[in-house]
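In the working numbering, the protein residues as written are 63 to 391. Think of the CB as a built atom: it goes at the ideal place given N, C-alpha and C, for glycine as much as any other residue.
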Amino acid sequence: MKSARLVSILLLLQTRGRMTAADLAEELEVSVRTVYRDVEALSEAGIPLYGDAGHAGGYRLLDGYRTRLTGLTAGEAEALFLAGAPGPAAELGLGPVLAAAQLKVRAALPRELREHADRISGRFHLDAPGWYADTDSGGAPYLPAVADAVWNSRVLNVLYRRWREPTDVERRLEPYGLVLKAGRWYVVAGPGPRTFRVDQILELAASGEGFTRPDDFDLAAYWTAYQRDFHDRLHRGEAVVRLAPGARLTGPAGDAVRANGRTGADGWTLAAVPIESVDHAHGEFLRLGTDVEVLEPAELRDRIAGTIAALSRTYDVSPTHNESRTYDA
């Protein structure tokens, strides 16, 4: 809608300052000619909007001009309060700031939109951490310090615990940004950049040394690429399995069964599925009990057979076995 686009132009110029017609057109996904018409309409409506020619030119609002938030739609007001994320904000030490900001936005909203915002905040609650997350001990005690270093571009010296030997290592971090993923905080830091779990930082010292964040670094783009690479590395192996009727695999393995599984006359389905590793697949397939048979690789099949044999010995229910077993009180 044109009205929504006009409001968007105002808000873009208010938040970003000077912008060219080409910049506005790219941001709004319209033609430059459309931007020209919209700017003319805003000027005719009395908005103090000015255009400068030349290489450093562009459109800008008169200094000090601020538009009110009456351009919010009901859906936008609802989304704003739904995305409040009070838990993560509190972890970053911004809980009171977020509450104050929401109060100011709420006060600026027209009555109808205020009712929409109250309605959605009373009906939806976001709880990002998983069920088994440690909520009592504050799993990432150094999170506020890391956030402060991200904001102020300060170098951190940390003692970090990783999964491989040597497990505890010293690292110098230039923190570019923080990411909250499934209730767990990650800091993306240079040089590299590389990704570190904040809850695995054992010790932290602010060096007082500053650093320059790369101008071309895009945190969202980096995280998207990082996740894609993580999943590509995650499933490097393959297993051939038979699944009983009604048995279900989830994730990429389930997708593979649906894509290439062949169901025989006995109702069992034969499929090749991706696995992360023999160790990981061993535990995952054991959960299915007799509903799955691993055919390949031989190493995985032998591991599962060995575990089943050990379990059989542990849970031997033969009379002679039970008579010979004694238990300490």
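Next on the checklist: Can you list, in chain order, the residues of its chain with a C-beta nearer than 7 Å to that of arginine 275? Leave out the 5 residues immediately preceding and following it.
Outcome noted: Around arginine 275: Ser215 and Tyr238.
Notebook entry, point to check: Residues in its own chain within less than 7 Å of arginine 259 by CB, not counting five upstream and five downstream?
Noted result: Cβ contact annotation for arginine 259 (same chain, cutoff 7 Å, sequence separation greater than five): Arg246 and Tyr248, in chain order.
*Is the beta carbon of arginine 324 sitting closer than 8 Å to the one on glycine 316?*
Not a contact, by the Cβ cut-off of 8 Å.
query: To the nearest angstrom, how far is it from the Cα of valine 231 to the Cα of arginine 223?
result: Distance from the CA of valine 231 to the CA of arginine 223, rounded to the nearest whole angstrom, comes to 6 Å.
N-terminal and C-terminal residue of the alpha helix (DSSP H) that aspartate 85 is part of: For aspartate 85, the enclosing alpha helix (DSSP H) starts and ends at 83-90.
Handout entry: Close beta carbons around glutamate 361, own chain, < 6 Å, minus the five adjacent residues each side
Key = These residues qualify, in order along the chain: Val340.
Tryptophan 330 to glutamate 355 span [Cα, whole Å] | Roughly 10 Å separates the two Cα atoms.
Tell whether a beta-carbon distance below 8 Å holds between methionine 81 and leucine 72.
Against a cut-off of 8 Å, the Cβ pair of leucine 72 and methionine 81 comes out as no contact.
Grab me the residues of leucine 68's own chain with a C-beta within less than 7 Å of its C-beta, minus the 5 sequence neighbours each way, in chain order.
-> Excluding residues within five positions, the ones whose Cβ falls inside 7 Å are Asp100, Ala103 and Leu104.
- Query: How many Å lie between valine 97 and glutamate 236 at the Cα?
  - Reply: As the crow flies, the alpha-carbon of valine 97 is around 40 Å from that of glutamate 236.
Original post:
Which value, in whole angstroms, describes the spacing of the CA atoms of arginine 290 and arginine 365?
Top reply: Their backbone Cα atoms lie some 30 Å apart in a straight line.
State the start and end residues of the unbroken beta strand (DSSP E) segment that holds alanine 334.
-> Where alanine 334 is concerned, the enclosing beta strand (DSSP E) starts and stops at 331-337.
On the three-state DSSP scale, how would you describe isoleucine 263? Reduced to three states, the DSSP call for isoleucine 263 is strand.
The beta strand (DSSP E) enclosing glycine 113, as first and last residue numbers:
Looking at the DSSP string, the run of the beta strand (DSSP E) that includes glycine 113 is 111-114.
Legend entry - Backbone secondary structure at proline 255 - three-state DSSP: In the structure shown, proline 255 sits in coil (DSSP, three-state: anything other than H, G, I, E or B).
Checklist entry - Which whole-angstrom value describes the C-beta separation of arginine 233 and valine 217, a residue pair presumed to lie in contact below a C-beta threshold of 8 Å? => result Not confirmed; about 11 Å, so no contact.
### Query
Hey, how far is the Cα of proline 110 from the Cα of serine 93?
If I take the Cα positions, the gap works out to 23 Å.
Kindly say whether proline 336, judged by its beta-carbon, lies nearer than 8 Å to any beta-carbon of chain B.
The structure shown contains no chain B; it is built from a single protein chain.
Next on the checklist: Our contact map puts leucine 332 next to arginine 298 with C-beta atoms below 8 Å; I'd like the distance itself, whole angstroms only.
Outcome noted: About 22 Å; that fails the 8 Å criterion.
*In terms of residues, what are the limits of the alpha helix (DSSP H) holding tyrosine 98?*
Here the alpha helix (DSSP H) through tyrosine 98 covers 94-106.
Next on the checklist: Between Arg256, Leu264 and Gly313, which has its C-alpha nearest tryptophan 285's C-alpha?
Outcome noted: Out of Arg256, Leu264 and Gly313, Arg256 has the C-alpha closest to the C-alpha of tryptophan 285.
Do the CB positions of alanine 334 and asparagine 322 come within less than 8 Å of each other?
Pairing alanine 334 with asparagine 322 gives a Cβ-Cβ distance under 8 Å.
Using CA coordinates, which residue listed in Leu124, Pro203, Tyr121 and Trp213 is at the minimum distance from glutamine 262? With distances taken between CA atoms, glutamine 262 lies nearest to Pro203 out of Leu124, Pro203, Tyr121 and Trp213.
| request: Would you tell me roughly how many angstroms separate the C-alpha atoms of arginine 122 and glutamate 91, rounded to the nearest one? | output: Between arginine 122 and glutamate 91, the C-alpha separation is close to 19 Å.
task = Take alanine 207 as the anchor and find which of Glu265, Gly254, Arg176 and Glu106 has the nearest alpha-carbon.
result = Of the candidates Glu265, Gly254, Arg176 and Glu106, the one whose C-alpha sits nearest the C-alpha of alanine 207 is Glu265.
From Asp328, Gly326, Ile370 and Ala327, pick the residue whose C-alpha is nearest to that of phenylalanine 347; which is it? Looking from the CA of phenylalanine 347, the closest CA among Asp328, Gly326, Ile370 and Ala327 belongs to Ile370.
key: Bridge-paired residues (DSSP) for glycine 272   = Bridge partners of glycine 272 according to DSSP: Arg216.
Can you check which of these residues, Ala244, Ala83 and Gly345, is closest to alanine 115 by C-alpha distance?
Per the Cα distances, Ala83.
For glycine 299, which three-state DSSP category applies? Reduced to three states, the DSSP call for glycine 299 is strand.
My output table needs one value for aspartate 230: the three-state DSSP class, helix, strand or coil. It is a strand residue.
**Study point:** Short Cβ contact (8 Å threshold) for alanine 301 with glutamate 358
**Key:** Yes, Cβ-Cβ distance for alanine 301 and glutamate 358 is below 8 Å.
- Message: If you reduce the DSSP assignment to three classes, tell me which class arginine 80 lands in.
- Response: If DSSP states are grouped into helix, strand and coil, arginine 80 belongs with coil.
### Query
How should leucine 373 be labelled, buried or exposed, when 16 other C-beta atoms within 10 angstroms of its C-beta is the threshold for buried?
By the neighbour-count rule (16 or more Cβ atoms within 10 Å), leucine 373 is not buried but exposed.
Alpha carbon to alpha carbon, what distance is there between threonine 352 and histidine 344?
-> Taking the straight line joining both Cα atoms gives about 14 Å.
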